[in-house]
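Residue numbers (our numbering), protein chains in the order written: chain A, 27 to 272; chain B, 27 to 272.
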């Protein structure tokens with residue numbers, strides 16, 4: 027899919043020009059990083075998705091020092107996080123801020139959002155919930171979303187480190203893109219899959235315990251760095267590819 | 027080892043009575059949860075460990091709304107986190123607080139600390155760094171500690187959910203306890219070990235980017251819950267054992 031077609035189809039869904047551009051940048055960035063599950067395949071997926079309003083705007087419900095609460099207000103999660111990220115960059119915290127985003131779904135490739143924060147000089151940790159698709163490795167009902175954990179760390183001079191790890195052996199995006207079967211969507215880790223399941227469940231409950239309006243949401247921690255550990259780590263790594271490197 | 031012997035040996039190392047009691051509660055609790063690597067074996071390990079002062083006290087260096095910075099000041103990490111946890115319970119945040127703990131090592135079983143916070147009604151997410159023992163699954167130098175991620179979620183009526191997952195296939199504690207070989211200490215996940223490696227590295231850099239005094243440290247996020255998702259999750263789980271259940 028090229029940009030002309032992608033933007034045309036997004037605008038046809040009712041997204042304004044700036045929002046369509048932001049969505050396209052997300053999907054195109056995912057494709058360029060080899061994450062097809064978060065890429066162009068999401069456009070036909072959005073064409074069939076219900077429950078979002080292309081013209082809706084997220085709302086900053088509450089702000090105190092070190093804390094913000096947002097509500098998606100019917101907007102699609104990608105654009106809620108886009109607005110949240112821009113707000114952090116415009117008004118960074120004095121030290122740190124926890125940002126709870128209610129009704130924020132789908133949020134796409136979380137690495138995209140923390141990369142923008144890291145490129146702007148902020149440390150970020152982000153998770154987001156999604157439909158329950160992971161069960162305990164020993165069996166039983168699906169209890170947790172694939173709930174990725176993304177961490178972005180700025181770096182002087184060179185690229186930030188951007189971690190973006192889903193707790194599933196494959197992503198739902200891979201299933202959407204036809205790259206995996208739904209049955210492959212189990213906690214990653216094989217004999218240690220209980221660890222990925224535990225982290226997925228912990229992240230699920232972290233979000234679920236912090237939102238007032240029940241539903242899929244995101245929790246972002248953003249902080250000003252006090253040190254610049256990435257360059258020394260890259261030296262130590264001696265060429266080993268670090269998370270987020272292209 | 028019984029309590030008499032454990033407490034005697036801890037006091038012989040120079041720990042005061044309250045601190046020896048707190049350390050014993052940690053080690054004994056780990057044994058009771060089947061985490062021998064964090065249990066009694068740590069007493070002979072402490073007898074051979076250098077770099078801590080049994081009488082030292084951690085210091086609260088900085089406090090602004092939503093943020094605290096602590097320094098271990100030579101105290102052993104277990105007791106630094108013990109003091110930090112008590113402080114959060116005595117003065118919980120209005121909404122949320124990021125707590126950066128510099129020079130805080132070793133910190134033991136992180137689930138112990140977040141469980142205390144969850145028992146006191148607070149949501150908590152905690153990580154801590156340790157010597158670099160995990161390399162990239164494809165090879166190269168050791169770049170990250172085993173860097174566990176612990177998440178504690180309070181629950182009305184029933185037990186909290188307590189996640190405590192190290193990013194290693196075994197823990198250093200298992201090696202200390204003679205339950206595993208040092209060579210077994212690789213990122214967990216088998217074919218997906220790059221995910222656990224990425225999370226370990228992200229958590230490493232999260233801590234390293236937030237401390238001013240370079241060295242092993244801990245980062246704690248503590249927040250007041252707005253919802254009570256655990257009882258409904260336990261109903262949905264229909265008897266499946268959840269993380270932290272005994």
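Beta carbons are placed, not taken as given, at the ideal position from N, Cα and C, and that holds for glycine. Fair warning: this is a prediction, and the values are worked out from it, not measured in the lab.
Comparing the C-beta of residue i with each C-beta of chain B, is any distance below 8 Å?
i, result
"residue 87/A", "no"
"residue 53/A", "no"
"residue 187/A", "yes"
"residue 240/A", "yes"
"residue 264/A", "yes"
"residue 225/A", "yes"
"residue 218/A", "yes"
"residue 247/A", "yes"
"residue 232/A", "yes"
"residue 228/A", "yes"
Tell me, please, whether the CB atom of residue i is closer than 8 Å to any CB atom in chain A?
i, result
"residue 221/B", "yes"
"residue 72/B", "no"
"residue 156/B", "no"
"residue 146/B", "no"
"residue 42/B", "no"
"residue 257/B", "no"
"residue 122/B", "yes"
"residue 236/B", "yes"
"residue 111/B", "no"
"residue 160/B", "no"
"residue 252/B", "yes"
"residue 243/B", "no"
"residue 269/B", "yes"
"residue 215/B", "yes"
Label residue i either buried or exposed according to how many other C-beta atoms from any shown protein chain fall within 10 Å of its C-beta, with 16 as the threshold for buried.
i, result
"residue 61/A", "buried"
"residue 142/A", "buried"
"residue 217/A", "exposed"
"residue 40/A", "exposed"
"residue 67/B", "buried"
"residue 167/A", "exposed"
"residue 28/B", "exposed"
"residue 128/A", "buried"
"residue 302/B", "Here chain B comprises residues numbered 27 to 272, so residue 302/B is not present and cannot be evaluated."
"residue 209/A", "exposed"
"residue 222/A", "buried"
"residue 264/B", "exposed"
"residue 86/B", "exposed"
"residue 58/A", "exposed"
"residue 190/B", "buried"
"residue 171/B", "buried"
"residue 246/A", "buried"
"residue 81/B", "exposed"
"residue 230/A", "buried"
"residue 255/A", "buried"
"residue 120/A", "exposed"
"residue 165/A", "exposed"
What does DSSP give as the partner residues of residue i in its beta bridges?
i, result
"residue 96/A", "86/A and 127/A"
"residue 248/B", "123/B and 150/B"
Closer than 7 Å to a non-hydrogen atom of the ligand PLP - does that hold for the CB of residue i?
i, result
"residue 222/A", "No copy of the ligand PLP occurs in the structure displayed, which carries no ligand at all."
Cβ-based contacts, 7 Å cut-off: residues of the stretch 91 to 107 of chain B near chain A: 91, 92 and 93
query = Along the stretch 199 to 210 of chain B, what residues have a CB closer than 8 Å to any CB found in chain A?
reply = none
Whole alpha helix (DSSP H) runs in the stretch 105 to 183 of chain A with 4 or more residues, listed along the chain? 136 to 145
Between the stretch 162 to 194 of chain B and chain A, which residues of the former have a C-beta closer than 7 Å to a C-beta of the latter?
-> Those residues of the stretch 162 to 194 of chain B that come within reach of chain A (Cβ to Cβ, closer than 7 Å) are 162, 166, 167, 169, 175, 177, 179, 187, 189 and 191.
Give, in chain order, every unbroken run of the alpha helix (DSSP H) that is at least 4 residues long and sits entirely within the stretch 176 to 223 of chain A. Segments of the alpha helix (DSSP H) lying fully in the stretch 176 to 223 of chain A: 198 to 202.
Practice task
Output, in sequence order along the chain, the residues in the stretch 129 to 153 of chain A whose CB is closer than 7 Å to any CB in chain B.
Solution key: 149 and 151
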